[in-house]
Amino acid sequence: MNTPFIIEQSDIELLNTTANIIYDLSFEHASRHCISIKMKILRNQTDIVIVKSPVWIPGSYKVRDMNSHQYDVQIHDIHGNLLSWKWLSKSAIEILNPEKSDIVISYEYFANDRGVRTSHVNRNHAFIMPVACLMYVEDRMEEIHHVAIHDNVSWKTITTALSPIHEHATADITLYGALNYHILIDSPIEIGNHESISFDVAGALHEIAVITQESIDMEWLKGEIKRAVEIEYAFWGDLPYDRYVFFLLVSEGLRGGLEHLRCNVSAVEPSAFQDKTTAQGMMALLVHEFFHTWNVKRIRPIELGPFNYEQENYTHMLWLAEGFTSYYDDLLSFRCGFYSTEEYLSVLAQSHLGKLARVPGRFSMSVKDSSFLAWTKLYAMSPDQQNQFPSYYTKGGIVALLLDLLIISKSSGKSKLDHALKIMWELYKQDGSKGFTEDQIINLIEEVCGVAIRTEFTDWLNGTEELPYQKLFSEIGLEWKEEITVIKQDWYGDFRPFHPKKQSIFFGCSLAEDHGRIFVKEVEKDSPADKAGIAIDDEIISVNGKRMINRSMLLQALQANGLEQEAEIIANCDGKIYETRVQLQSAISYSLKVSESITHEQERLLEFWLHG
Ligand SMILES: [Zn+2]
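So the number in my numbering is just where the residue sits in the sequence shown, counting from 1, plus 8.
Spelled out as structure tokens, the structure:
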């Protein structure tokens with residue numbers, strides 16, 4: 009592709025513009041989850057016009073075939089005369105237009121997927137992901153595109169990172185625009201009666217739109233998000249937009265986020281507003297998605313932009329896009345004050361290092377291959393995936409952590425990864441037309457930080473060996489421990505222990521309950537459950553002759569069995585009962601703590617790492 013890849017837009021640039029590709033969106037059929045779309049293609053220069061739907065969403069590495077929800081396609085010229093057309097593929101249409109007329113494509117789009125990557129419409133609101141439902145005209149992606157939203161009398165508010173075309177909306181149509189198709193499809197739209205609130209940082213307007221049926225403390229949320237924006241602004245040195253939107257979906261069963269150029273969409277459960285740990289997780293998610301404004305939406309692997317919307321876009325470098333972002337989401341959350349030092353070290357121990365320790369697949373596949381195969385591995389969501397490969401989020405984040413510690417150690421506390429990222433951002437601003445290669449990133453880190461890291465870093469990226477935690481943590485006075493978990497003693501009365509002292513047991517599978525039956529969802533390779541032949545989808549019926557009816561009963565029975573003798577298990581595989589014996593193991597806990605014998609020099613390095 010030789011066309012320029014323009015991804016920056018400010019609201020002022022779109023004011024009073026005209027467009028020759030316009031989408032009319034109306035919502036007469038919202039109650040049955042449908043958006044009615046009329047796509048107008050004006051000033052055609054060719055007698056054959058090809059229109060296409062993207063098959064994937066940048067930031068989410070999976071072929072989704074989103075236009076499977078598109079139906080009732082009709083194509084006319086602007087005067088209502090039928091035009092001849094046909095499907096060229098599952099996502100492309102060819103229109104014969106011998107008169108070079110203006111074209112109108114009308115279709116319905118069934119939008120009933122609630123989540124951060126999909127459109128969802130009902131009688132209460134419309135959340136529109138343009139990439140899922142708005143088609144593009146081949147060879148005309150670089151033009152200005154407009155979206156006309158037809159009034160739905162009961163919906164009062166529209167929030168989007170698209171830019172308004174008129175300073176004052178007309179009575180029944182509100183017009184928004186993007187400088188090109190790339191920006192258009194990167195700009196979701198929420199229409200409804202949602203709550204929104206805004207604040208300024210460094211002259212840029214930040215809007216928060218919360219999409220929920222719950223009652224949310226908007227002022228508290230605004231304070232926390234503003235803090236995150238201020239810390240990330242200080243980290244990078246400037247804000248690459250005039251206006252930015254945080255879309256937050258709050259609903260049971262929703263999790264995750266997706267980054268965009270001028271906004272992000274994040275989803276949390278309502279408990280994020282009731283429980284401290286879940287609230288901390290929500291803030292780390294928002295810090296993560298916002299960090300992507302720089303890392304991946306602008307500083308990016310060379311393969312990720314300009315995009316080919318018709319097929320998989322492979323890259324080995326999601327360790328940079330997602331791994332580095334996963335490392336910084338918790339570190340910057342700590343710098344925001346969302347975690348205390350102890351809490352941050354505990355999050356690293358449990359949610360990063362301890363999580364990877366339970367992934368046997370880290371010995372089977374490198375983080376680079378895990379990135380390259382994201383399309384069929386991480387996004388395939390196999391229940392066996394922990395045994396097959398490490399996530400580039402988890403291992404990529406730990407590689408970033410170790411790289412940071414390596415730089416700090418080798419430079420004796422003079423440089424750190426933060427410095428290299430800042431320079432990457434400066435270089436991006438000089439020429440943002442292309443992404444970075446792995447080699448460029450490594451050279452840049454070595455040059456900026458003044459240390460040699462290539463050998464270790466490429467080993468971590470390409471290898472499947474265990475990563476060297478112990479050595480790098482000890483350089484900054486931290487102790488990383490893997491210990492046998494001991495159940496805390498509980499006392500009955502003054503003297504008698506209620507339970508004899510016991511080690512917590514490790515079984516090695518995750519379980520789900522269904523109407524009094526217990527099913528195996530995942531099994532860790534070489535765990536006690538795996539060695540006993542217990543497999544995914546099996547039903548566990550009894551332990552030591554006792555019928556099991558729920559997960560906690562099963563875990564208690566295994567705990568009571570202890571480590572000294574095998575537990576007898578009766579289970580069901582595909583309708584056939586089998587008996588097996590399982591030798592349980594001690595559960596392992598992970599901890600990362602400041603050493604009691606930390607030296608002054610180690611303390612200095614620790615402070616430098618945490619605070620800069
Ligand atoms: Zn991410």
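Backbone N, C-alpha and C fix where the C-beta goes; we use that ideal spot for every residue, glycine too.
Rounded straight-line distance, which links the Cα of residue j to that of residue i
i: I65; j: D392; result: 25 Å
i: K284; j: Y598; result: 21 Å
i: P62; j: C141; result: 9 Å
i: D338; j: M291; result: 9 Å
i: D73; j: E232; result: 37 Å
i: K529; j: T402; result: 21 Å
i: N160; j: Y387; result: 36 Å
i: K234; j: D250; result: 15 Å
i: E330; j: A365; result: 19 Å
i: A38; j: R131; result: 5 Å
i: R51; j: N75; result: 25 Å
i: A568; j: K539; result: 20 Å
i: M9; j: D377; result: With a pLDDT of only 47 at M9, under the threshold of 50, the placement of this residue in the model should not be trusted; the figure read from the coordinates follows. Cα to Cα, M9 sits roughly 26 Å from D377.
i: E150; j: I492; result: 59 Å
i: L96; j: F135; result: 29 Å
i: E532; j: P314; result: 39 Å
i: A212; j: S18; result: 11 Å
i: G553; j: I577; result: 8 Å
i: V416; j: V71; result: According to the sequence shown, residue 416 is Ile rather than Val. When rounded, the distance between both Cα atoms is 40 Å.
For residue i, three-class secondary structure by DSSP
i: M9; result: Low per-residue confidence applies at M9: pLDDT is 47, beneath 50, and the placement is therefore not dependable, though the value from the model is reported in the following sentence. M9 falls in the coil class under three-state DSSP.
i: V59; result: strand
i: G265; result: strand
i: T285; result: helix
i: P309; result: strand
i: I15; result: coil
i: F299; result: helix
i: K94; result: strand
i: L475; result: coil
i: H158; result: strand
i: E227; result: helix
i: W617; result: helix
i: V276; result: strand
i: L104; result: strand
i: Q593; result: strand
Residue i Cβ short of 7 Å to ligand 1 heavy atom set
i: H300; result: yes
i: E240; result: no
i: H360; result: no
i: T607; result: no
i: H296; result: yes
i: T7; result: Residue 7 falls outside the range modelled here, since the chain spans only 9 to 620, and no answer is possible.
i: E116; result: no
Distance between beta carbons of residue j and residue i, contact taken as under 8 Å
i: L621; j: L592; result: Absent from the structure is residue 621, since the part of the chain shown begins at 9 and ends at 620.
i: L90; j: D55; result: Rounded, the Cβ-Cβ distance is 16 Å, inconsistent with contact.
i: V129; j: F35; result: 7 Å
i: L33; j: A156; result: 7 Å
i: A579; j: Y586; result: 6 Å
i: I58; j: A100; result: 6 Å
i: L340; j: I453; result: Between I453 and L340 the Cβ distance is about 19 Å, and since that is not below 8 Å, they are no contact.
i: S114; j: Q78; result: Not confirmed; about 11 Å, so no contact.
i: G570; j: A537; result: Wrong, their Cβ atoms sit about 16 Å apart, outside the cutoff.
i: L410; j: L480; result: 6 Å
i: Y436; j: R306; result: 5 Å
i: K430; j: G620; result: Not a contact, Cβ separation roughly 11 Å.
i: I219; j: H133; result: 7 Å
Any C-beta of chain C under 8 Å from that of residue i
i: H608; result: The structure shown has no chain C; it contains just one protein chain.
DSSP beta-bridge partners of residue i
i: F135; result: H128 and E198
i: I630; result: Because the chain spans 9 through 620 in this model, residue 630 falls outside it and cannot be assessed.
i: K234; result: In DSSP, K234 forms no bridge with anything.
i: T349; result: DSSP output for T349 lists no bridge partner at all.
i: W488; result: L600
i: I585; result: N580
i: E521; result: I526
i: N451; result: Bridge partners of N451: none, in fact.
i: A217; result: S204 and F255
i: K554; result: V551
i: F444; result: P309
i: T333; result: According to DSSP, T333 bridges with nothing at all.
i: S114; result: K46 and Q82
i: T167; result: E198
i: G185; result: H154 and S171
i: Q511; result: V494
i: V145; result: V59
Residue i CB to nearest heavy atom of ligand 2 below 7 Å
i: T333; result: Although ligand 2 was asked about, the structure shown includes only ligand 1 as ligands.
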